[in-house]
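Single-structure report; data block below.
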Amino acid sequence: MTAGSGRLTVAVVYPDLLGTYGDGGNGLILARRASWRGIDVDLLQAPSDRPLPAADVYTIGGGEDGPQVRAATTLHEEGTLAERVAEGAVVLGVCAGFQLIGRSFPDAVDRPQEGVGLLDVTTTKGTGPRAVGELIAVPVPDAPRTATGERLPRLTGFENHGGVTRVGPGAHLLAHVERGVGNGGGDGSEGAWCGRVVGTYLHGPVLARNTALADLLLGWALAPPGSPPGAAEVLEPLGDHEELALRAERLEAVDASPGAGWRGRLARIRGPR
Amino acid sequence: MSVRTIRPDPVPARPLRSSAAVLTVSAVNRLSRALGRGSGTVAGGRAGLLVDPGLLAVLADGHLVALVTGTNGKTTTTRLLAAALSPGDGAPAPVSNDTGANMPAGHVAALVGAPAAAVAVLEVDEGYLGRVITETAPEVVVLLNLSRDQLDRIAEVRMLVDRWRTALAGLTPPVAGARGTVVVANADDPMVAYAASTAPEVHWVGAGQVWHEDAVGCPACGGRIEFAPDGRWACDRCAFARPDVVADVEGSDLVLADGARLPIRIALPGQFNRANAAMAAVAAAPVLVATGQARADTGLSTALDRLGGVTEVAGRFSVISRGGNPVRLLLAKNPAGWTAIFDLLDETGDPDAAIVLSVNARTADGFDTSWLWDVPFERLAGRSVVATGERRLDLAVRLRYAEVDHAVVDGPTAALDHAVSRAPEGTVVEFLGNYTAFADLRRAL
């Protein structure tokens, strides 16, 4: 928790620039899930024209090409985010937010732009059609485990991007694509992580459909100071019957859709490239 | 506004292919109706375009055409503009795609069989503006607003802005004795302002824009758009700023550049409908003057008088009765639209009215429901809320995190009955649906 305050602080980074795809919901979901467990939470909407506040968890959402460049430049120049990550802050980057916490990403006219460098991933523009549709990905065996040591269940969400993200040796794959495109580039990977920084292409928002991931991020943020990076506080269950119903309905809808067979596999092979 | 006389060009004989296409449209529409598959307008239009891909241009030729586009308010503004342009003296009323079929197939359907002298008022999907401008050579193009909607199809608002800029840059300005195009654009939306700034002749209207979340990044330079409390805006880095307007919406008045005030008296509820009415009136005025239906100084007031009588638009804003309770039917498709409807509930509704929310995610709605998290559902806290529609589970999760108590009911009429059965006798129940969810309810009633 934020040093000395006894409260958990969740910051939605630059909703004025990176608020296009509903990913601000991730911040709300984390804040509510903490407060429902009796934890005092501050949920901050952190606009791009003010210094980034200190927080325990930062969520960074999707956005359009121009605002994405402005967000990356501003975050890089003001430096708070990298400092906070070095001190153990948790970061969830989605889509444009995933790309810009990496090493570099393309702008609207395909010039490479410097990212914030929290994750060793590099994004280039795909040559194929935009990846748009439901995305299901199975966390890889060495992806982060829940507080009780279990593997995260399948991840479900909606992707909408034209980037190809390659994961470098300094970061780890998050999941393998079962349906959809994910990182693109033909290796069937989706997302990346390193320490307490997680990047993904899943909108939905991702934490609405994947509450196990939400609680893992919260568990990291609530772990006692000095814990190893993978250690997560065990949190009491919240029931989640509505989230689980939504999750089941989405997974079933995708399994039943016509792209489930060879078409889907072909789309993954082709990717945005 | 200058007076000009618009004489439709003589209609040339149609080429054989187009005549065959017209016959196809009618035949498919008859078949569709006979099979009970709805009015068949879109099916007929599609079939006609298959026979002759240039059919829209052929049908539009000779008509005075007004186009209406934007993210929100298209159908309503099209209806209001058609009302403003209705002579009501036995002359043909405007033809219009008034059911919301706003792609070329819908335009073809609206124009097939139109009387030669009829004005065409066409609602246009944002993504088709360029093509429809090229094919219909409109006299007026109305640009309402641009915000996130159906991002799985449109991808990014700024991509759409660039396409509009290209389309509008090719317009010919109206000059004495020749046909040309006037653009009527909302100066309060920076995305619209940037798009319309390529057009040679723009009448800017300060129609208001509640939703700024997609317009903070300057579309011209990537700087930051600063919004002042009075609605003016400017980029902090380049010269891009709110253009000077011919008219401003202030509350329920239309205030002209010379300070004159015209009351906007309309039967439709809500501030956003007064804005739609203002856009329609400014678009209609020069046409009314040019066609001799009004003088230069009475064009706007004539337009406002005529459109004031519109009470519902394809069922939207209509009130039906269900189990002894009135039910108001409202449509909203995206965060800006839902926010405007919540404003409308605050302005005109009973603060305790039960609410039924219905959301689908079909092609016309967009497949991605993430936008629900940009809608301020927190404003419904304390009300009785029922979630329904094909994506009621997405709604339920969103409402849970908004801490709004809710029931989840499968089926729009069952949801309505659930709400009515729990509402005090005689109190209004508000039904809010997105595009196909709204259509589902109307079909079911």
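Top line first, the protein sequences correspond to chains S and L. Numbered by the working numbering, the letters in the first sequence go through residues 4 to 276 in order. Numbered by the working numbering, the letters in the second sequence go through residues 260 to 704 in order. The beta carbon of each residue, even a glycine, is placed where N, CA and C say it ideally should be.
Cβ atoms of residue j and residue i: under 7 Å apart, would you say?
i: alanine 544 (chain L); j: glycine 558 (chain L); result: yes
i: alanine 539 (chain L); j: leucine 340 (chain L); result: yes
i: alanine 364 (chain L); j: glycine 313 (chain L); result: no
i: tryptophan 632 (chain L); j: proline 208 (chain S); result: yes
i: alanine 446 (chain L); j: glycine 476 (chain L); result: no
i: asparagine 186 (chain S); j: threonine 159 (chain S); result: no
i: alanine 174 (chain S); j: valine 124 (chain S); result: yes
i: leucine 33 (chain S); j: leucine 221 (chain S); result: yes
i: arginine 182 (chain S); j: valine 257 (chain S); result: yes
i: arginine 575 (chain L); j: leucine 590 (chain L); result: yes
i: arginine 657 (chain L); j: alanine 343 (chain L); result: no
i: aspartate 448 (chain L); j: asparagine 404 (chain L); result: yes
i: valine 399 (chain L); j: valine 441 (chain L); result: yes
i: arginine 581 (chain L); j: valine 687 (chain L); result: no
i: proline 432 (chain L); j: proline 397 (chain L); result: no
i: leucine 20 (chain S); j: alanine 75 (chain S); result: no
i: valine 72 (chain S); j: aspartate 110 (chain S); result: yes
i: valine 668 (chain L); j: glycine 648 (chain L); result: no
i: valine 644 (chain L); j: valine 663 (chain L); result: yes
When we look at the beta-carbon of residue i and count the other beta-carbons within 10 Å, is it buried (16 or more) or exposed?
i: serine 230 (chain S); result: exposed
i: asparagine 693 (chain L); result: buried
i: asparagine 497 (chain L); result: The question names asparagine, yet the displayed sequence has cysteine at residue 497 (chain L). Its Cβ having fewer than 16 others within 10 Å, cysteine 497 (chain L) is exposed.
i: glycine 191 (chain S); result: buried
i: methionine 418 (chain L); result: exposed
i: alanine 178 (chain S); result: buried
i: alanine 703 (chain L); result: exposed
i: leucine 700 (chain L); result: buried
i: proline 240 (chain S); result: exposed
i: arginine 10 (chain S); result: exposed
i: threonine 393 (chain L); result: exposed
i: leucine 219 (chain S); result: buried
Check residue i in the structure and name its three-state DSSP category.
i: lysine 128 (chain S); result: strand
i: glutamate 470 (chain L); result: Looking at the sequence itself, residue 470 (chain L) is tryptophan, so the reference to glutamate does not match. Coil, per DSSP.
i: phenylalanine 108 (chain S); result: strand
i: leucine 55 (chain S); result: coil
i: asparagine 361 (chain L); result: coil
i: valine 44 (chain S); result: strand
i: tyrosine 387 (chain L); result: helix
i: aspartate 633 (chain L); result: helix
i: leucine 216 (chain S); result: helix
i: valine 569 (chain L); result: coil
i: asparagine 356 (chain L); result: coil
i: phenylalanine 706 (chain L); result: Nothing can be reported for residue 706 (chain L): it is not among the residues displayed for chain L, which extend from 260 to 704.
i: leucine 323 (chain L); result: coil
i: tryptophan 463 (chain L); result: strand
i: aspartate 507 (chain L); result: strand
i: serine 617 (chain L); result: strand
i: phenylalanine 690 (chain L); result: strand
i: threonine 23 (chain S); result: coil
i: alanine 6 (chain S); result: Note on alanine 6 (chain S): pLDDT 44, under 50, position unreliable in the model; no value is reported.
i: phenylalanine 576 (chain L); result: coil
i: glycine 476 (chain L); result: strand
i: leucine 205 (chain S); result: coil
i: glutamine 116 (chain S); result: strand
i: aspartate 421 (chain L); result: helix
Starting from residue i, follow its DSSP beta bridges and name the residues at the other end.
i: threonine 168 (chain S); result: S:Thr126
i: glycine 648 (chain L); result: In the DSSP output, where bridge partners are listed per residue, glycine 648 (chain L) has none listed.
i: cysteine 197 (chain S); result: S:Val200
i: valine 656 (chain L); result: Its beta-bridge partners do not exist; DSSP assigns none.
i: asparagine 584 (chain L); result: L:Arg581
i: glycine 481 (chain L); result: None, per the DSSP bridge assignment.
i: arginine 182 (chain S); result: S:Ile139
i: serine 277 (chain L); result: Bridge partners of serine 277 (chain L): none, in fact.
i: valine 13 (chain S); result: S:Leu46, S:Val60
i: asparagine 163 (chain S); result: S:Val135
Which whole-angstrom value is the C-beta distance of residue i and residue j, which I expect to be below 8 Å?
i: asparagine 361 (chain L); j: valine 380 (chain L); result: Asparagine 361 (chain L) to valine 380 (chain L), Cβ: 12 Å. No contact.
i: alanine 452 (chain L); j: arginine 483 (chain L); result: With a Cβ gap of about 15 Å, alanine 452 (chain L) and arginine 483 (chain L) do not count as contacting.
i: threonine 425 (chain L); j: glycine 389 (chain L); result: 7 Å
i: valine 119 (chain S); j: histidine 164 (chain S); result: Contact doesn't hold; Cβ gap of about 18 Å is too wide.
i: isoleucine 1 (chain S); j: valine 200 (chain S); result: Since the first and last residues shown for chain S are 4 and 276, residue 1 (chain S) lies out of range.
i: valine 391 (chain L); j: leucine 326 (chain L); result: 6 Å
i: glycine 64 (chain S); j: glycine 22 (chain S); result: 6 Å
Determine the chain A residues that contact residue i at a beta-carbon separation under 8 Å, and present them in chain order.
i: serine 577 (chain L); result: The displayed structure is made up of protein chains S and L, and chain A is not among them.
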